[in-house]
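For the record, the sequence lines run as chains A and B. Going by the numbering used here, the first sequence opens with residue 64, and the numbers climb by one from there. Going by the numbering used here, the second sequence opens with residue 64, and the numbers climb by one from there. Idealized CB from N, CA, C, for every residue including glycine. In this text the structure is predicted, and so the values were computed from the model without any measurement. To start, the structure itself, in structure tokens.
There are 2 protein chains.
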Amino acid sequence: MSRRKPMKALILAGGSGTRLWPASREAYPKQFLKLSGGKSLLQQTLERLLNIVSPKDILLLTNEQYKFHVLSEVNEISKDLADNILLEPARRNTAPAIALGMKYCLERLGIPPEEVLFVCPSDHIIKPVEKFVEYVKLAEKVARQGYIVAFGIKPLYPETGYGYIKITGKDLGGYYLVEKFTEKPNFETAKRFLSEGNYFWNSGMFVFTIETMIEELRLCIPEIYQLFNQPLEDMIATFPKMPDISIDYAVMEKSKKVVAIPMDIYWSDIGSWDSLYDALDKDEKANVILGDVLAKDTESCLVIGNKRLIATVDLKDLTIVETDDAILIAKRGSAQKVKHVLEELKAKNRIEAIEHRTVYRPWGECSILEEHPRYKIKRIVVKPGASIDLQIHHHWSKHWIVVKGTAKVTIGNKIMHIHENESVYVPKSTLHRLENPGEIPLEIIEVQNGDYVGEDDIIRLDDEYGRI
Amino acid sequence: MSRRKPMKALILAGGSGTRLWPASREAYPKQFLKLSGGKSLLQQTLERLLNIVSPKDILLLTNEQYKFHVLSEVNEISKDLADNILLEPARRNTAPAIALGMKYCLERLGIPPEEVLFVCPSDHIIKPVEKFVEYVKLAEKVARQGYIVAFGIKPLYPETGYGYIKITGKDLGGYYLVEKFTEKPNFETAKRFLSEGNYFWNSGMFVFTIETMIEELRLCIPEIYQLFNQPLEDMIATFPKMPDISIDYAVMEKSKKVVAIPMDIYWSDIGSWDSLYDALDKDEKANVILGDVLAKDTESCLVIGNKRLIATVDLKDLTIVETDDAILIAKRGSAQKVKHVLEELKAKNRIEAIEHRTVYRPWGECSILEEHPRYKIKRIVVKPGASIDLQIHHHWSKHWIVVKGTAKVTIGNKIMHIHENESVYVPKSTLHRLENPGEIPLEIIEVQNGDYVGEDDIIRLDDEYGRI
Numbered sequence: 064m065s066r067r068k069p070m071k072a073l074i075l076a077g078g079s080g081t082r083l084w085p086a087s088r089e090a091y092p093k094q095f096l097k098l099s100g101g102k103s104l105l106q107q108t109l110e111r112l113l114n115i116v117s118p119k120d121i122l123l124l125t126n127e128q129y130k131f132h133v134l135s136e137v138n139e140i141s142k143d144l145a146d147n148i149l150l151e152p153a154r155r156n157t158a159p160a161i162a163l164g165m166k167y168c169l170e171r172l173g174i175p176p177e178e179v180l181f182v183c184p185s186d187h188i189i190k191p192v193e194k195f196v197e198y199v200k201l202a203e204k205v206a207r208q209g210y211i212v213a214f215g216i217k218p219l220y221p222e223t224g225y226g227y228i229k230i231t232g233k234d235l236g237g238y239y240l241v242e243k244f245t246e247k248p249n250f251e252t253a254k255r256f257l258s259e260g261n262y263f264w265n266s267g268m269f270v271f272t273i274e275t276m277i278e279e280l281r282l283c284i285p286e287i288y289q290l291f292n293q294p295l296e297d298m299i300a301t302f303p304k305m306p307d308i309s310i311d312y313a314v315m316e317k318s319k320k321v322v323a324i325p326m327d328i329y330w331s332d333i334g335s336w337d338s339l340y341d342a343l344d345k346d347e348k349a350n351v352i353l354g355d356v357l358a359k360d361t362e363s364c365l366v367i368g369n370k371r372l373i374a375t376v377d378l379k380d381l382t383i384v385e386t387d388d389a390i391l392i393a394k395r396g397s398a399q400k401v402k403h404v405l406e407e408l409k410a411k412n413r414i415e416a417i418e419h420r421t422v423y424r425p426w427g428e429c430s431i432l433e434e435h436p437r438y439k440i441k442r443i444v445v446k447p448g449a450s451i452d453l454q455i456h457h458h459w460s461k462h463w464i465v466v467k468g469t470a471k472v473t474i475g476n477k478i479m480h481i482h483e484n485e486s487v488y489v490p491k492s493t494l495h496r497l498e499n500p501g502e503i504p505l506e507i508i509e510v511q512n513g514d515y516v517g518e519d520d521i522i523r524l525d526d527e528y529g530r531i
Numbered sequence: 064m065s066r067r068k069p070m071k072a073l074i075l076a077g078g079s080g081t082r083l084w085p086a087s088r089e090a091y092p093k094q095f096l097k098l099s100g101g102k103s104l105l106q107q108t109l110e111r112l113l114n115i116v117s118p119k120d121i122l123l124l125t126n127e128q129y130k131f132h133v134l135s136e137v138n139e140i141s142k143d144l145a146d147n148i149l150l151e152p153a154r155r156n157t158a159p160a161i162a163l164g165m166k167y168c169l170e171r172l173g174i175p176p177e178e179v180l181f182v183c184p185s186d187h188i189i190k191p192v193e194k195f196v197e198y199v200k201l202a203e204k205v206a207r208q209g210y211i212v213a214f215g216i217k218p219l220y221p222e223t224g225y226g227y228i229k230i231t232g233k234d235l236g237g238y239y240l241v242e243k244f245t246e247k248p249n250f251e252t253a254k255r256f257l258s259e260g261n262y263f264w265n266s267g268m269f270v271f272t273i274e275t276m277i278e279e280l281r282l283c284i285p286e287i288y289q290l291f292n293q294p295l296e297d298m299i300a301t302f303p304k305m306p307d308i309s310i311d312y313a314v315m316e317k318s319k320k321v322v323a324i325p326m327d328i329y330w331s332d333i334g335s336w337d338s339l340y341d342a343l344d345k346d347e348k349a350n351v352i353l354g355d356v357l358a359k360d361t362e363s364c365l366v367i368g369n370k371r372l373i374a375t376v377d378l379k380d381l382t383i384v385e386t387d388d389a390i391l392i393a394k395r396g397s398a399q400k401v402k403h404v405l406e407e408l409k410a411k412n413r414i415e416a417i418e419h420r421t422v423y424r425p426w427g428e429c430s431i432l433e434e435h436p437r438y439k440i441k442r443i444v445v446k447p448g449a450s451i452d453l454q455i456h457h458h459w460s461k462h463w464i465v466v467k468g469t470a471k472v473t474i475g476n477k478i479m480h481i482h483e484n485e486s487v488y489v490p491k492s493t494l495h496r497l498e499n500p501g502e503i504p505l506e507i508i509e510v511q512n513g514d515y516v517g518e519d520d521i522i523r524l525d526d527e528y529g530r531i
């Protein structure tokens with residue numbers, strides 16, 4: 064059997080969804096959530112794809128804000144994945160993102176235009192994986208015939224949060240010509256779709272050859288085609304000019320080349336706490352419980368604990384999510400209202416709406432443990448070989464206590480090594496640098512002290528420390 | 064008008080109730096809870112009594128475990144209160160506690176036996192205070208006639224958690240002869256009491272002359288009378304022999320001298336979260352909300368936040384209580400089940416069942432901020448002039464960083480002064496002492512580091528550091 068070049072996969076991991084607040088936030092979106100099994104949705108997506116393609120054939124598209132987090136997540140799966148992480152020069156929708164991914168494949172990876180590309184989001188739940196693999200293999204074959212293949216999910220209820228695909232009746236061998244793509248419908252329309260039949264949820268995954276998609280971009284959305292039709296470097300430079308448009312709206316709704324494979328499979332885009340509850344396995348009382356929870360006479364609840372003990376008594380149909388700095392308690396079925404909570408919090412400039420107490424940086428991570436008007440305590444983890452570069456604070460000094468590993472510390476023009484259980488003092492208005500020269504992560508407790516411990520008292524000379 | 068010696072008040076503040084878990088715990092019972100207005104129930108009780116008697120006429124009875132906390136609370140109200148804090152030599156019920164308080168009055172305070180004593184718990188809510196004061200003044204007059212005066216509350220519903228007082232029909236001038244005292248009835252009996260009338264809730268407060276009560280102890284409960292009938296010091300020494308019996312059961316149910324004043328007043332013993340909800344003022348949506356709470360479409364809920372943001376969506380009839388290490392979410396009306404949660408937690412040896420992350424010591428307080436297998440971070444506050452005495456830890460060393468005030472630190476045989484924003488290292492297996500020589504509280508961040516950070520690695524030489 065002659066082997067063609069293998070299919071490539073493009074994972075879109077730049078989304079900033081906050082519908083799973085307080086667990087997901089703008090600075091820590093849904094794809095990074097480790098909700099079950101200890102692996103994030105992004106990692107689960109990667110593992111699913113590794114049943115179809117090899118690590119070097121996976122391209123990850125994200126944006127500047129998430130790059131370090133994506134890098135750290137992919138490294139936990141396979142070091143080979145780290146080579147092909149591409150950053151969007153600006154936040155645009157899926158159509159420009161896919162165009163950028165294709166250009167990268169052609170120019171940087173030397174993939175010929177007749178090659179097949181599988182595009183998928185990074186934050187969905189799909190099971191079982193074996194069945195999914197078979198559908199994708201079929202899609203690859205169909206794509207090689209010049210089609211753009213979408214994947215439809217048999218709708219279980221009149222969901223208004225998904226797009227719909229209407230297929231024609233004729234089975235072409237597990238796939239069907241698409242009659243039309245429909246944007247998110249209203250409830251009445253969604254109900255009609257279900258009763259009419261031949262409508263499927265649009266799962267947001269597509270398979271096509273690069274040349275097919277280029278041609279459809281040319282026909283359907285010339286603005287993108289023109290920006291695509293230049294060298295990668297120029298495309299990146301002019302990327303902000305790209306229209307903010309989804310591939311569904313830009314191409315799928317207009318193209319004559321679209322076919323769909325209806326999948327008999329469990330799929331969810333985890334668009335809310337309610338859909339997460341639906342997606343996860345329940346216990347005998349219909350609860351989904353993660354974390355340190357004592358549930359008494361509690362049924363049909365989703366309880367996600369983090370650090371603290373959660374005791375529940377006589378509850379039914381609730382969503383409870385605990386994080387370091389915020390707790391959500393909502394009626395199940397009202398998850399859509401979480402966005403109103405977020406809007407209110409943002410209007411009040413509440414940091415809980417934007418980021419977590421732990422932020423991820425190129426050199427590691429930093430968590431706020433305690434905040435007081437006159438001091439702040441942080442835990443800083445520096446990766447082996449990494450460093451936090453020179454900074455000056457004029458209003459506060461800090462104490463670093465090494466609780467694990469060895470730190471190489473530069474203060475002014477002094478260089479010293481601080482070992483586990485040793486500490487060092489960094490005075491105000493002094494240049495300083497923290498490095499991890501060792502082979503294990505360096506863990507430091509930092510106690511900041513001063514008359515003003517706001518985060519804007521950082522003059523960054525080189526790299527940044529993170530917002531917190 | 065000739066002035067008699069003023070009435071004395073005896074506040075019983077030794078209770079260890081945990082029905083308001085997770086806010087109240089064995090090590091931090093209900094009387095210390097600051098639930099509204101920033102003052103604890105004990106402090107509210109003191110302020111209420113200060114409308115009737117002066118600070119020096121108030122005697123506080125508590126036990127060893129709570130002494131520092133009581134002292135600190137009392138000092139916030141009046142320094143004069145601190146003189147008369149009496150510790151129970153062992154935990155017994157209210158009858159032995161009252162006997163001890165009377166002996167102390169007679170022997171230490173030189174109060175004559177014909178003097179009037181007002182006895183009350185430290186953890187009830189009573190309003191309005193003006194009306195209450197009038198009832199107590201009436202009770203004092205009645206007590207001088209040789210009666211033991213109880214205070215009845217008109218029952219609002221067939222509560223099974225309270226004792227009941229049945230009065231005879233004849234109004235003797237705002238007070239009535241008592242036909243009988245009844246222990247907590249079952250629901251059917253309580254319903255019958257309400258329909259029969261002349262039954263009142265027993266509020267647990269009593270007014271009597273010391274000589275009347277002594278005589279009734281002699282008649283009703285000779286075991287206590289005998290132990291009472293010896294010098295204070297001997298009474299303290301033999302206190303553990305006292306029967307564990309309430310004054311209601313020991314005296315009130317048997318004595319012929321009991322009268323009752325029915326009070327037309329709001330009273331609650333805050334025996335559960337449900338009764339706290341009943342006792343507090345509601346907002347326009349019938350919510351009681353304390354703390355940093357964003358309530359969306361939420362009604363008839365009790366939400367008590369502590370440090371974190373709590374967002375509620377589409378909730379009704381829930382109790383939500385957040386503390387540093389535990390969160391309770393219960394249906395309103397199911398508050399009685401909190402005790403089952405506590406039992407389970409105790410069976411699992413969970414520290415959250417017993418104490419908070421902050422403990423109160425004679426020298427100040429200590430809070431755990433962060434716990435990890437290899438390190439622990441605490442905030443220690445030392446009162447001006449106080450000290451934490453010499454200790455040795457064999458498995459861990461610690462770093463102290465002064466964030467406020469000045470510390471006098473003894474390590475081995477070295478004595479040094481550590482100022483704000485300075486730090487000091489305490490090595491393993493070294494005697495050390497921490498003192499606050501200054502005039503303002505000393506605040507220290509302690510980072511413990513070692514291969515074993517269990518709290519049993521403390522060899523206390525002098526005083527103790529607290530369990531945490």
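Exercise for the section: Starting from the N-terminal side, write out each stretch of the alpha helix (DSSP H) that is 4 residues or longer and does not extend beyond the region 274-329 of chain B. Expected result: 285-291 and 295-300
Practice task
Using three-state DSSP, classify T545(A) as helix, strand or coil.
Solution key: For residue 545(A) there is no data in the structure shown, the boundaries of chain A being 64 and 531.
Practice task
Check whether the Cβ atoms of P85(B) and E415(B) lie closer than 8 Å to each other.
Solution key: The residue given as residue 85(B) occupies position 22 in the second sequence. The residue given as residue 415(B) occupies position 352 in the second sequence. Taking 8 Å as the Cβ cut-off, P85(B) and E415(B) qualify as a contacting pair.
Practice task
Provide the residue(s) that pair with L172(B) in DSSP beta bridges, ordered along the chain.
Solution key: Working through the second sequence from its first residue, we reach residue 172(B) at position 109. Paired residue(s): none; L172(B) is not in a bridge.
Problem - DSSP-derived helix/strand/coil call for M64(B) - result: Locating residue 64(B) in the second sequence gives position 1, counting from the first residue. With a pLDDT of only 41 at M64(B), under 50, the local geometry of the prediction cannot be trusted, and the value read off the model is given with reservation. Three-state DSSP puts M64(B) in coil, outside helix and strand.
Practice task
Have a look at G80(B) and R88(B) and give me their C-alpha separation to the nearest angstrom.
Solution key: Taking the second sequence and counting its residues from 1, one reaches residue 80(B) at position 17. Taking the second sequence and counting its residues from 1, one reaches residue 88(B) at position 25. If you take the alpha carbons of G80(B) and R88(B), they lie about 7 Å apart.
Handout entry: Straight-line gap, E222(A) to K345(A) (C-alpha atoms, nearest Å)
Key = For the purposes of this step, residue 222(A) is taken as the residue at position 159 of the first sequence. For the purposes of this step, residue 345(A) is taken as the residue at position 282 of the first sequence. Roughly 22 Å separates the two Cα atoms.
Problem - Other residues of its chain near P425(B): CB distance less than 6 Å, five sequence neighbours each side excluded - result: Here residue 425(B) refers to the residue found at position 362 when the second sequence is read from its first residue. So the list reads F131, once near-sequence residues are dropped.
Exercise for the section: Take every Cβ of the region 175-194 of chain B, pair it with every Cβ of the region 235-242 of chain B, and state whether three or more of those distances are shorter than 8 Å. Expected result: no
Problem - Extent of the continuous alpha helix (DSSP H) run through D138(A) - result: Taking the first sequence and counting its residues from 1, one reaches residue 138(A) at position 75. For clarity, residue 138(A) is Asn in the given sequence; the question names Asp instead. Element bounds for N138(A): K130 to I140.
Handout entry: Listed by chain order, chain B residues near I440(A) by CB distance under 7 Å
Key = Along the first sequence, one-based indexing puts residue 440(A) at 377. Within 7 Å Cβ-Cβ: L432, I440 and I508.
Handout entry: Top-ranked residue by Cα proximity to E246(A), from V487(A), F256(A) and Q454(A)
Key = Translated into positions along the first sequence, residue 246(A) becomes position 183. It is F256(A) whose Cα lies nearest to the Cα of E246(A).
Practice task
Say whether chain B places a C-beta atom closer than 8 Å to the C-beta of G80(A).
Solution key: Taking the first sequence and counting its residues from 1, one reaches residue 80(A) at position 17. No, no contact with chain B.
Exercise for the section: State buried or exposed for K31(A), treating a residue as buried only when at least 16 other CB atoms are found within 10 Å of its CB. Expected result: Here chain A comprises residues numbered 64 to 531, so residue 31(A) is not present and cannot be evaluated.
Practice task
Put N126(A) into one of helix, strand or coil per three-state DSSP.
Solution key: On the first sequence, residue 126(A) is found 63 positions in, with the first residue counted as 1. The answer is strand: DSSP assigns N126(A) an E or B state.
Handout entry: Interfacial residues, the region 318-348 of chain B to chain A, with Cβ spacing under 8 Å
Key = none
Problem - Neighbour-count burial assignment, G427(A), 16 or more Cβ in a 10 Å radius - result: The residue given as residue 427(A) occupies position 364 in the first sequence. G427(A) should be labelled buried.
Problem - Contacts around R281(A), its chain only, beta-carbon distance under 7 Å, and the 5 residues preceding and following it disregarded - result: Counting from 1 along the first sequence, the entry for residue 281(A) is found at position 218. Only Y288 meet the Cβ criterion.
Practice task
Have a look at L112(A), G215(A) and P248(A) and flag the residue whose alpha-carbon is nearest the alpha-carbon of S185(A).
Solution key: Stepping through the first sequence from its first residue, residue 185(A) is reached at position 122. Here the closest residue by C-alpha is L112(A).
Problem - Whole beta strand (DSSP E) elements within the region 351-411 of chain B, 3-residue minimum - result: 351-353, 356-359, 365-367, 372-376, 381-385 and 389-394
Handout entry: Extent of the continuous beta strand (DSSP E) to which S486(B) belongs
Key = The residue given as residue 486(B) occupies position 423 in the second sequence. S486(B) -> beta strand (DSSP E) spans S486 to V489.
Handout entry: Integer Cβ distance of T375(B) from K400(B), believed to fall under 8 Å
Key = Within the second sequence, the letter at position 312 stands for residue 375(B). Within the second sequence, the letter at position 337 stands for residue 400(B). The pair is not a contact, with the Cβ atoms about 21 Å apart (cut-off 8 Å).
Problem - Neighbour flag for H480(B) against chain A, beta carbons, 8 Å - result: The sequence position of residue 480(B) within the second sequence is 417, counting from 1. False, the Cβ-Cβ gap to chain A never drops below 8 Å.
Practice task
Identify which residue in I503(B), D341(B) and F250(B) has its Cα closest to the Cα of T382(B).
Solution key: Taking the second sequence and counting its residues from 1, one reaches residue 382(B) at position 319. Comparing Cα positions, the closest option is D341(B).
Handout entry: DSSP beta-bridge partners of V465(A)
Key = In the first sequence, the residue the question calls residue 465(A) occupies position 402. V465(A) pairs with I507(A).
Exercise for the section: Compile a chain-ordered list of the residues in the region 152-172 of chain B whose CB is closer than 7 Å to at least one CB of chain A. Expected result: none
Problem - 9 Å Cβ cut-off: residues of chain A touching I383(B) - result: Counted from its first residue, the second sequence places residue 383(B) at position 320. Those within 9 Å of I383(B) in chain A are I390 and I392.
Practice task
Closer than 8 Å by beta-carbon distance: list the chain A residues that pair up with N499(B), in chain order.
Solution key: Counting from one through the second sequence, the residue named residue 499(B) turns up at place 436. Here the premise fails: no neighbours, minimum Cβ distance about 17 Å.
Problem - Cα-Cα separation, I507(B) to S430(B) - result: Locating residue 507(B) in the second sequence gives position 444, counting from the first residue. Locating residue 430(B) in the second sequence gives position 367, counting from the first residue. Cα to Cα, I507(B) sits roughly 11 Å from S430(B).
Problem - F214(B) to L73(B) span [Cα, whole Å] - result: As a position in the second sequence, residue 214(B) is number 151, starting the count at 1. As a position in the second sequence, residue 73(B) is number 10, starting the count at 1. C-alpha separation (whole angstroms): 16 Å.
Problem - Contact list for E415(B) against chain A, beta-carbon separation under 7 Å - result: Sequence index remark: in the second sequence, residue 415(B) carries index 352 (1-based). The contacting residues are L372.
Problem - Interface flag, S462(B) vs chain A, CB-CB below 8 Å - result: Numbered from its first residue, the second sequence carries residue 462(B) at position 399. One point to set straight first is that residue 462(B) is His, not Ser, in the sequence displayed. For H462(B), the answer is yes, since a Cβ of chain A falls inside 8 Å of its Cβ.
Exercise for the section: Measure from the C-beta of T375(A) to each C-beta in chain B and report whether the shortest distance is under 8 Å. Expected result: To locate residue 375(A), count along the first sequence from 1; it is residue 312. At least one chain B Cβ lies under 8 Å of T375(A).
Exercise for the section: Given a cut-off of 8 Å, decide if I392(A) and L378(B) are closer than it, judged by their beta-carbon atoms. Expected result: Translated into the one-based positions of the second sequence, residue 378(B) becomes position 315. Translated into the one-based positions of the first sequence, residue 392(A) becomes position 329. For L378(B) and I392(A), yes; Cβs fall inside 8 Å.
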